[in-house]
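K.L.:
Below you'll find the structure I mean.
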């Protein structure tokens, strides 16, 4: 049981390049989330999904797109990377049900945009 | 004013001391409160979850919530060097997952000196 995994662990991009971050979970969770974590800013929600085929915007969605084609996978895309997108990206998942629903986080992807 | 305020530290204490970590919040709609621990270059992991005012104890950790003052705390007894990490408070307005996701504090960097 791997929990939440993220690919890749590190990536360096040049401004204007595109890339996709992959998140996978094996806990059969309905809900999945993408966050970014920046020094002095904490964790901020980018996009989330409440089930296969659904996506919704979070607090900081501009410059990102997401897709949830399969229940276990949640993809985060950067179409034209900018230096402001240099950050550590975390994926999380949860059941989405019950008063004690909690989010489980992946190990993160460290992205640098030059 | 940010919805959730947390002193980033660093907070440095000697091994064996009692540690007190705190967050304040401004939105009375928050009903569910969590503490996450994040080791360097790792994803956050859930430490404590509570949804009522009062204390909740788990081993050396005690979570305290005072909804009237909009103030939450995490106490660590008999602190160990392995407790050195960043501690993030998080809160949400509704049970389950959904549109709000989690609102995080910026995290407090804790150092336990051997």
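Protein chains in written order, with the working numbering: chain A, 29 to 142; chain B, 271 to 384.
Each residue gets a CB set at the ideal place from its N, CA and C atoms; glycine is no exception.
The model shown is predicted, which means the values in this text are computed figures rather than measured ones.
(1) Is it right to say residue 328 of chain B is buried, meaning 16 or more other beta carbons lie within 10 angstroms of its own, or is it exposed?
(2) Work out the CA separation of residue 274 of chain B and residue 52 of chain A for me, nearest whole Å.
(3) May I have the straight-line CA-CA distance separating residue 324 of chain B from residue 334 of chain B, to the nearest angstrom?
(4) Ends of the beta strand (DSSP E) at residue 66 of chain A?
(5) To which residues of the same chain is residue 318 of chain B closer than 7 Å at the C-beta, ignoring the five residues directly before and after it?
(6) Which residues in chain B sit within 8 Å of residue 69 of chain A, going by Cβ to Cβ distance?
(7) Cutting at 7 Å between CB atoms, please list the residues of its own chain near residue 108 of chain A, excluding the five before and the five after it.
(8) Which chain B residues sit within Cβ distance under 7 Å of residue 118 of chain A?
(9) Give a yes or no on whether 8 Å exceeds the smallest Cβ distance from residue 319 of chain B to chain A.
(10) Where does the unbroken beta strand (DSSP E) through residue 50 of chain A begin, and where does it stop?
(11) Compile a chain-ordered list of the residues in the segment 333-358 of chain B whose CB is closer than 8 Å to at least one CB of chain A.
(12) Over what stretch of residues does the beta strand (DSSP E) that includes residue 332 of chain B continue unbroken?
(13) If I measure Cβ to Cβ from residue 88 of chain A and keep anything under 6 Å in the same chain, skipping five residues before and after, which residues do I get?
(14) Check whether the Cβ of residue 73 of chain A lies closer than 8 Å to any Cβ atom in chain B.
(15) Output needed for residue 277 of chain B: all residues of its chain with C-beta closer than 8 Å, excluding positions within five of it in sequence on either side, in chain order.
(16) Where does residue 353 of chain B fall in DSSP's three states?
P.N.:
Quick answer:
(1) Residue environment: residue 328 of chain B is assigned as exposed (fewer than 16 neighbouring CB atoms within 10 Å of its CB, all protein chains considered).
(2) 29 Å
(3) 6 Å
(4) Run containing residue 66 of chain A: 59-66, per the beta strand (DSSP E) assignment.
(5) 304, 305, 326, 328, 331, 333 and 344
(6) Result: 376.
(7) Correct list, in chain order: 44 and 46.
(8) 313
(9) Taking Cβ atoms only, chain A reaches closer than 8 Å to residue 319 of chain B, which makes this a yes.
(10) Note, residue 50 of chain A: beta strand (DSSP E), 47-53.
(11) Of all residues in the segment 333-358 of chain B, only 358 come within less than 8 Å of chain A when Cβ atoms are compared, listed by chain position.
(12) 331-336
(13) 72 and 74
(14) yes
(15) Hits under 8 Å: 292 and 378.
(16) helix
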